[in-house]
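Chemist: Numbering-wise (the numbering used here), the sequence shown opens with residue 4 and increments by one.
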Amino acid sequence: MSPRDDIPDLHGQDGEGSVQVHQDPAARIEGAKVFSVYGKGGIGKSTTSSNLSAAFAKMGKRVLQIGCDPKHDSTFTLTGRLQPTVIDILKEVDFHPEELRPEDFVTEGWGGVKCVEAGGPPAGTGCGGYVVGQTVKLLKQHHMLEDTDVVIFDVLGDVVCGGFAAPLQHADRAVIVTANDFDSIYAMNRIIAAVQAKSANYKVRLAGCIANRSRDTDEVDRYCDRVGFDRIAHMPDVDAIRRSRLKKKTLFEMDDDEDIIACRAEYVRLAETLWRGTEPLAPAPMEDRDIFEMLGFD
């Protein structure tokens, strides 16, 4: 047997020109509903993920949020602090996970949400997919996924390589955070293509998009109508969300005012929608030139 006889030939099946290897079955997350949150860099994925985690907790669900960014800032509004990353903690024990306890890499945040920051390799030196895989493996070894109802992966920036797309191997549904502007929708179109490629080999399907920090949704809705996608939530551009980040809190910990109450209600509605289950969407992403010509005004 040659060294590669046991590796499936998936050339082209995970995206044009790609060569991907199937996920180890032992690494699958079972028993929980798993969501991956994607979107253009700086669009508000961590704000969305943390408030969505808080909304699920408000519903009485046991939630685990995994930040997948070397900046390790996904969960600080839930915990009130920056926590160390899984990859840094593993380095401290020379990558011997048996020496770790759950409290070494899991922090309990607001509403009992379990918070993990996977971290990542230094810029330009490694693959984010490896870090995601090691994090899930560590959580399974410590039985942290057995008493969990919802897992949310908060994934950095646009999907560029198989490493950044690694959470899609675990997810049931992918959610895209966008805004009512050209750059965000253009990035969403490319993310849709990445998820569609992954769905050929994995269970992940698209749930829909969230229009974030947007007064209007006309351009988002026009794009969705064109490709067969759904907008499943709308978070307006209100100052309360900016203030919550500065106070290192989710909206669910902030003092009540009209905007905060309305945003909380929208996050709870979104959580209820995702918990009930969404139709598995299969939009047809547009060619770059076509979306460039469609968006905006003459």
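From the three backbone atoms N, C-alpha and C, an ideal C-beta is built for every residue, glycine too.
The structure presented is a predicted model; accordingly, all values stated were derived computationally and were not measured.
Over the uninterrupted beta strand (DSSP E) stretch that includes VAL153, give me the two end residues.
Modeler: To locate residue 153, count along the sequence shown from 1; it is residue 150. Run containing VAL153: 153-158, per the beta strand (DSSP E) assignment.
Chemist: Who are MET238's beta bridge partners in DSSP?
Modeler: On the sequence shown, residue 238 is found 235 positions in, with the first residue counted as 1. In DSSP, MET238 forms a bridge with ASN215.
Chemist: Under 9 Å, do LEU85 and ASP76 count as touching if we go by C-beta distance?
Modeler: As a working note, residue 85 is residue 82 in the sequence shown. As a working note, residue 76 is residue 73 in the sequence shown. Against a cut-off of 9 Å, the Cβ pair of ASP76 and LEU85 comes out as a contact.
Chemist: Rounded to whole angstroms, what is the Cα-Cα separation between SER187 and GLU102?
Modeler: On the sequence shown, residue 187 is found 184 positions in, with the first residue counted as 1. On the sequence shown, residue 102 is found 99 positions in, with the first residue counted as 1. Going by the C-alpha atoms only, they are around 43 Å apart.
Chemist: Pull up the CB-CB distance for ALA287 and GLY231, whole angstroms please, since I reckon it's below 8 Å.
Modeler: Numbered from 1 along the sequence shown, position 284 holds the residue referred to as residue 287. Numbered from 1 along the sequence shown, position 228 holds the residue referred to as residue 231. Between GLY231 and ALA287 the Cβ distance is about 6 Å, and since that is below 8 Å, they are a contact.
Chemist: What does the Cβ neighbour count give for GLY42, buried or exposed, with the cut at 16 atoms within 10 Å?
Modeler: As a first step, residue 42 must be located in the sequence shown, where it is residue number 39. Buried, since its Cβ has 16 or more Cβ neighbours within 10 Å.
Chemist: Report all residues from its chain with a CB closer than 8 Å to the CB of LYS251; omit the five preceding and five following residues, and keep chain order.
Modeler: Position 248 of the sequence shown holds residue 251. Result list for LYS251: PHE79, THR80, GLY83, ARG84, in chain order.
Chemist: May I have the straight-line CA-CA distance separating GLY70 from ASP91, to the nearest angstrom?
Modeler: The residue given as residue 70 occupies position 67 in the sequence shown. The residue given as residue 91 occupies position 88 in the sequence shown. C-alpha separation (whole angstroms): 14 Å.
Chemist: Per the contact definition of three or more C-beta pairs closer than 8 Å, is the region 276-285 in contact with the region 209-225?
Modeler: A contact exists between the region 209-225 and the region 276-285.
Chemist: From HIS25 to ARG246, what distance separates their C-alpha atoms?
Modeler: As a first step, residue 25 must be located in the sequence shown, where it is residue number 22. As a first step, residue 246 must be located in the sequence shown, where it is residue number 243. At HIS25 the pLDDT is 49, less than 50, meaning the model places this residue with poor confidence and gives no usable figure here.
Chemist: For my contact list, SER52 and ALA174 are in at a C-beta cut-off of 8 Å; report their separation, rounded to the angstrom.
Modeler: Indexing the sequence shown from 1 puts residue 52 at position 49. Indexing the sequence shown from 1 puts residue 174 at position 171. Rounded, the Cβ-Cβ distance is 13 Å, inconsistent with contact.
Chemist: For a minimum of 3 consecutive residues, which ranges assigned as the beta strand (DSSP E) are wholly contained in the region 228-300?
Modeler: Qualifying beta strand (DSSP E) stretches, in chain order: 234-238.
Chemist: Whether or not the region 225-243 and the region 196-203 are in contact is what I'm after, with contact meaning three or more pairs of Cβ atoms, one per stretch, closer than 8 Å; do they touch?
Modeler: No, the region 196-203 does not touch the region 225-243.
Chemist: In chain order, what residues of the same chain have a beta carbon less than 8 Å from the beta carbon of MET191, not counting five sequence neighbours either side?
Modeler: Taking the sequence shown and counting its residues from 1, the one referred to as residue 191 is at position 188. GLY42, LYS43, ILE179, THR181, CYS212, TYR226.
Chemist: Report the CB separation of ARG216 from THR281 in whole angstroms; it is logged as a contact under 8 Å.
Modeler: If you number the sequence shown from 1, residue 216 lands on position 213. If you number the sequence shown from 1, residue 281 lands on position 278. That belief does not hold up - the Cβ atoms of ARG216 and THR281 are roughly 22 Å apart, past 8 Å.
Chemist: Assuming GLN199 is part of the alpha helix (DSSP H), what are its boundary residues?
Modeler: Locating residue 199 in the sequence shown gives position 196, counting from the first residue. Segment 185-201, the alpha helix (DSSP H) holding GLN199.
Chemist: Would you mind stating whether VAL96 and VAL109 have Cβ atoms separated by less than 9 Å?
Modeler: Within the sequence shown, residue 96 is the residue found at index 93, counting from 1. Within the sequence shown, residue 109 is the residue found at index 106, counting from 1. No, the Cβ-Cβ distance between VAL96 and VAL109 is not below 9 Å.
Chemist: In chain order, what residues of the same chain have a beta carbon less than 8 Å from the beta carbon of HIS34, not counting five sequence neighbours either side?
Modeler: The count along the sequence shown starts at 1 and reaches residue 34 at position 31. Per the sequence shown, the amino acid found at residue 34 is Gly instead of His. Excluding positions up to five away in sequence, the list reads LEU148, GLU149, THR151.
Chemist: Based on the DSSP secondary-structure assignment, which residues constitute the bridge partners of PHE38?
Modeler: Position 35 of the sequence shown, counting from 1, holds the residue named residue 38. According to DSSP, PHE38 bridges with ILE155, ARG176.
Chemist: For ASN183, I'd like the list of residues in its chain whose CB is within less than 8 Å of its CB, leaving aside the five on either flank, ordered along the chain.
Modeler: Residue numbering aside, residue 183 sits at position 180 when the sequence shown is read from its first letter. Only ALA214, SER217, ARG218, ASP219, THR220, ASP221, GLU222, VAL223 meet the Cβ criterion.
Chemist: Helix, strand or coil for ILE90, going by three-state DSSP, please let me know.
Modeler: Position 87 of the sequence shown, counted from the first residue, corresponds to residue 90. In the structure shown, ILE90 sits in a helix (DSSP, three-state: H, G or I).
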